[in-house]
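Written below as C-alpha cells is the structure these notes are about.
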Amino acid sequence: MRSLPHADPGIPDARSPFRYLWWTARGQGGPLLIGIGYAVLWWTAQALVPAAMGQAIDSLTHHNTEGLVRWSGVLLGLGVVTAFGGVMRHRLAVYNWLSAAYRTVQVTARQATRLGATLPKRLSTGEVISVGNSDIAHIGNSMDILLRGTGAIVAIATVTVILITTSPQLGLIVLLGVPLMVLAVGPLLRPLHRRQHEQRDLQGDLATRASDIVSGLRVLRGIGGEHVFSGRYREESQRVRVAGVRVASVDAVLEGAQVLLPGMLIAFVTWRGAHYAMDGVITVGQLVAFYGYALFLVGPLRTLTEAADKITKGHVAARRVVRILSLDPEIDGTGTATTEGGDLVDPASGVTVRQGQLTALAGSVPEDTIAVADRLGLYVAGEVTFGGVPLSELPPAEVRRRILVADNGARLFSGRLRDQLDVTGSASDDELWQALHTACAEDIVEALPEGLESHVAEAGREFSGGQQQRLRLVRALLADPEVLILVEPTSAVDAHTEARIAERLGKARLGRTTLVSTTSPLVLDRADHVIFLQDGLVRAEGSHRALLATDTGYTATVTRGED
Numbered sequence: 016m017r018s019l020p021h022a023d024p025g026i027p028d029a030r031s032p033f034r035y036l037w038w039t040a041r042g043q044g045g046p047l048l049i050g051i052g053y054a055v056l057w058w059t060a061q062a063l064v065p066a067a068m069g070q071a072i073d074s075l076t077h078h079n080t081e082g083l084v085r086w087s088g089v090l091l092g093l094g095v096v097t098a099f100g101g102v103m104r105h106r107l108a109v110y111n112w113l114s115a116a117y118r119t120v121q122v123t124a125r126q127a128t129r130l131g132a133t134l135p136k137r138l139s140t141g142e143v144i145s146v147g148n149s150d151i152a153h154i155g156n157s158m159d160i161l162l163r164g165t166g167a168i169v170a171i172a173t174v175t176v177i178l179i180t181t182s183p184q185l186g187l188i189v190l191l192g193v194p195l196m197v198l199a200v201g202p203l204l205r206p207l208h209r210r211q212h213e214q215r216d217l218q219g220d221l222a223t224r225a226s227d228i229v230s231g232l233r234v235l236r237g238i239g240g241e242h243v244f245s246g247r248y249r250e251e252s253q254r255v256r257v258a259g260v261r262v263a264s265v266d267a268v269l270e271g272a273q274v275l276l277p278g279m280l281i282a283f284v285t286w287r288g289a290h291y292a293m294d295g296v297i298t299v300g301q302l303v304a305f306y307g308y309a310l311f312l313v314g315p316l317r318t319l320t321e322a323a324d325k326i327t328k329g330h331v332a333a334r335r336v337v338r339i340l341s342l343d344p345e346i347d348g349t350g351t352a353t354t355e356g357g358d359l360v361d362p363a364s365g366v367t368v369r370q371g372q373l374t375a376l377a378g379s380v381p382e383d384t385i386a387v388a389d390r391l392g393l394y395v396a397g398e399v400t401f402g403g404v405p406l407s408e409l410p411p412a413e414v415r416r417r418i419l420v421a422d423n424g425a426r427l428f429s430g431r432l433r434d435q436l437d438v439t440g441s442a443s444d445d446e447l448w449q450a451l452h453t454a455c456a457e458d459i460v461e462a463l464p465e466g467l468e469s470h471v472a473e474a475g476r477e478f479s480g481g482q483q484q485r486l487r488l489v490r491a492l493l494a495d496p497e498v499l500i501l502v503e504p505t506s507a508v509d510a511h512t513e514a515r516i517a518e519r520l521g522k523a524r525l526g527r528t529t530l531v532s533t534t535s536p537l538v539l540d541r542a543d544h545v546i547f548l549q550d551g552l553v554r555a556e557g558s559h560r561a562l563l564a565t566d567t568g569y570t571a572t573v574t575r576g577e578d
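In the working numbering, the protein residues as written are 16 to 578.
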C-alpha cells in the first residue's frame, strides 16, 4: 500500500462543509479514482455472476456439455476477479480513510498554530478536541463510502441493463424501484443531520467541562467543590445521552429502511420472475439468474442508503472543521518591517519598557497589567512600537523570536524534563543549571530519580503550583529572548524563595530588556525602574522606595492596604 502523505497540505479556503469535503477528495484524487475503479470491478464482477450461473444452468438443462464447461470457467474467472477487486478495493478504502482523516488533523493543527492566542478566545477546548476524537472518523468514512457507493451505482446500472435485455418488464421494475427507494429514505436525512449537529455541539461542551474538571481537580478538592462539579458534569452528560438517543431513533429507522425497502423490491422482482418462468417467458436458468440478481441487489442498494448516512455525518463533521478554518487571527501577520530594537512603548497605557533594564509593572488591577503584556507581545492589536517601529509592521515570527511573554497560563508538556525546559535543544548543561539556579529550581531536579532525564507527566501534574511556576521561569530564561516579559512569575512561591529569585533575576538578565508584572515588594525593590498602573494608565514611575514614599495608591497596592 502507498504510504500516507507527510507534506503539509496547507489551509484550504473552504467556507462551507461541502467545499471542504470536495477539497479533501481532490487532495487524494489519484488514490480515490483508483479505489473507485477497483470498487467498480468488484461490484461488476459480482453482478455478472448470476448471468453466468443462469447460462450454465440452461446449458445443463439442454445437455450442452461444452457450454457448461465454458460458463463454469467464466464463473471461476469472475470469482478470481471478485476476490482481487475486493482486496484492492479494501486496501484503497483504508488508505483513503486514513488520508482524509489525517489531512483533517494536519490542516486543523496548522490552523491552530496560525491562530495562536486567538483560538482559545473564539472556541472552547472541547470543540477543538472533538475534531480529533470523532470528526476525523466521519470525514474518513465519507471518503471511504465514495468507493463502494460509486461501484454500487455502476453495479445497479449493469443489472438493470441485463434485466431489461432479458425481460423489459423486470428491468423497468428495477429501474423505477431504485430511485423510489432512494427518495423514500430522503426525508430521514434532514432530521438526522440536525440532531447529529446538536449532539456534536453538546459533546464539545461536555469535553470542555471534563477538561476543566481534570485540570482543576486539586483546587476543587481543596475547597470541597468536586461534588458540585461532578453533579454539573452528570447533568451535561445526560443531555448528551438524550441527544444521542434522539440521533439513534432516526438512525434506527434509517437502518431499518436499508433492509425493508431493498427487501420489498427484491421480493417483488422474484415474484414476477417466477410467474414469467411458469408462463414460459423466461427459462429456468434465467429465473435462477433473476433470483440471484434479487439477492445481489441487497448489497448495492444498502450501500446507497449507507452512503447517504455517512455523507450526512461527514457533512456535520466538516461543519465543525470549517468553523475552525474560517477563523482569522487577530494579528494579520503581513508585516515586513525591521528594527534594531530599543525601547518597547505602549501608547495606550503610557508604559515604556526601557532597553537593557529590569522594569517592574505594578497595577492596582491585575487584568490591566495582563492587557499591557498582551499588547507588548503582539497577542492583541495595539499601537506598540519597538525601537520606534510599530510592532504590528514586524513579521509575527520575528516578534515571537525577539519578544517572549511568559505567564502562568503556560503549560508543561509530557516528556523528558530536559526537553521541556530547553525547547530548542541548544542550551549546554552549564546554561541549564544556571537557569535553574536563577529560578531557585535546583531542588526540584535534584529530588527527581533521574534528574533532568526524568519523565514529566501531562501538564506537569506531579509538581506543585510553585514548582511548576519555577520550571516555567527556567524555560523562559533558557529561551533568552531580546525582550522578556514575565507576568506574576513568583506569585505561587514562598517569600524566602521569592527574595532569592528577585535577586538572581536581575543578574541573569543584566544588560537585556526585562519587564516583570508583579505587586511583590521583594521583586519591585530589585527592579531598575518601577511603573505604577491605575485604571489602565501610568500613574507614577520611579524606584520602589521612592514610590512608597510619594504615592499612596502604589503603597496600598503593594502592601495590600496594610501599614
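Even glycine gets a Cβ: it sits at the ideal position worked out from N, Cα and C. Here the structure is a predicted model, which is why all the values come from computation and not from measurement.
Going along the chain, which residues of its own chain have a beta-carbon closer than 8 Å to the beta-carbon of residue i, five neighbours each way excluded?
{"i": "V420", "result": "A388, D389, L391, G392, Y394, I500, V502"}
{"i": "A116", "result": "I151, A152, I154, G155"}
{"i": "D578", "result": "Caution applies to D578, whose pLDDT of 46 falls short of 50 and renders its modelled position unreliable; the value that the coordinates give is listed next. Answer for D578: no residue qualifies."}
{"i": "R17", "result": "Low confidence applies to R17: its pLDDT is 45, below 50, so where it sits in the model is not reliable, and the reading given next is rough at best. Contacts found: P46, Y110."}
{"i": "L544", "result": "Correcting the residue identity first, residue 544 is His in this sequence and not Leu. Cβ neighbours of H544 beyond the five flanking positions: R369, Q372, L373, T374, A375, E556, G557, S558."}
Can residue i and residue j be called in contact, C-beta distance under 8 Å?
{"i": "L107", "j": "G50", "result": "yes"}
{"i": "A514", "j": "V531", "result": "no"}
{"i": "T529", "j": "L373", "result": "yes"}
{"i": "I160", "j": "L312", "result": "no"}
{"i": "L340", "j": "P32", "result": "no"}
{"i": "R125", "j": "P344", "result": "no"}
{"i": "L493", "j": "D444", "result": "no"}
{"i": "L539", "j": "V489", "result": "no"}
{"i": "R431", "j": "E473", "result": "no"}
{"i": "P405", "j": "E413", "result": "no"}
{"i": "R527", "j": "E497", "result": "yes"}
{"i": "A127", "j": "V143", "result": "yes"}
{"i": "G572", "j": "S429", "result": "The amino acid occupying residue 572 in the given sequence is Thr; Gly does not appear at that position. No."}
Can you tell me where the alpha helix (DSSP H) holding residue i begins and where it ends?
{"i": "L48", "result": "44-76"}
{"i": "A323", "result": "313-340"}
{"i": "T349", "result": "No alpha helix (DSSP H) holds T349; DSSP gives it neither H nor E."}
{"i": "A523", "result": "510-523"}
{"i": "T453", "result": "444-453"}
{"i": "A412", "result": "411-417"}
Which word fits residue i, buried or exposed, when buried means at least 16 other C-beta atoms lie within 10 angstroms of its C-beta?
{"i": "L19", "result": "Note that L19 has pLDDT 48, beneath the 50 cutoff, so the model's placement of it is unreliable and the number below is only indicative. The residue in question, L19, is exposed, as its Cβ has fewer than 16 Cβ neighbours within 10 Å."}
{"i": "S441", "result": "exposed"}
{"i": "Q435", "result": "buried"}
{"i": "W112", "result": "buried"}
{"i": "S535", "result": "buried"}
{"i": "Q483", "result": "buried"}
{"i": "P3", "result": "Summary: the structure shown does not reach residue 3, with the chain confined to residues 16 through 578, and so no result is reported for it."}
{"i": "K328", "result": "buried"}
{"i": "S145", "result": "buried"}
{"i": "A22", "result": "Reliability fails at A22, whose pLDDT of 46 lies under 50, so the model's placement of it is uncertain and no value is given."}
{"i": "L7", "result": "Here the chain covers residues 16 to 578 and nothing more, so residue 7 does not appear."}
{"i": "K325", "result": "buried"}
{"i": "L217", "result": "buried"}
{"i": "G466", "result": "exposed"}
{"i": "V84", "result": "exposed"}
{"i": "T574", "result": "exposed"}
{"i": "G307", "result": "buried"}
{"i": "G246", "result": "exposed"}
Cβ of residue i within 7 Å of any heavy atom in the ligand FMN?
{"i": "A263", "result": "Here there are no bound small molecules, and the ligand FMN is not part of this structure."}
Beta strand (DSSP E) containing residue i: first to last residue?
{"i": "I500", "result": "498-502"}
{"i": "L493", "result": "That residue, L493, is in no beta strand (DSSP E); its alpha helix (DSSP H) goes 480-494."}
{"i": "V573", "result": "V573 -> not in any beta strand (DSSP E); alpha helix (DSSP H) instead, spanning 567-573."}
{"i": "E473", "result": "Here E473 belongs to no beta strand (DSSP E), and DSSP marks it neither H nor E."}
{"i": "V545", "result": "544-549"}
{"i": "R426", "result": "Premise fails: R426 is in no beta strand (DSSP E) and is neither H nor E."}
{"i": "L552", "result": "552-557"}
Which same chain residues, not among the five before or five after residue i, have their C-beta less than 6 Å away from its C-beta?
{"i": "G357", "result": "Q370, G402"}
{"i": "V189", "result": "T175, L178"}
{"i": "A352", "result": "V404, E408, L409"}
{"i": "L310", "result": "none"}
For residue i, which residues from the same chain have a beta carbon less than 7 Å from its beta carbon, with the 5 sequence-adjacent residues on both sides left out?
{"i": "T97", "result": "W57, A60, Q61"}
Any alpha helix (DSSP H) of 4 or more consecutive residues that is wholly inside the region 128-156: 134-137, 140-145
Hey, which unbroken runs of the beta strand (DSSP E) at 3 residues or more fall wholly within the region 271-298? none
List in chain order: all unbroken beta strand (DSSP E) runs of 3+ residues lying wholly within the region 354-409. Within the region 354-409, the beta strand (DSSP E) runs of at least 3 residues that lie entirely inside it are, in chain order, 359-361, 366-368, 373-378.
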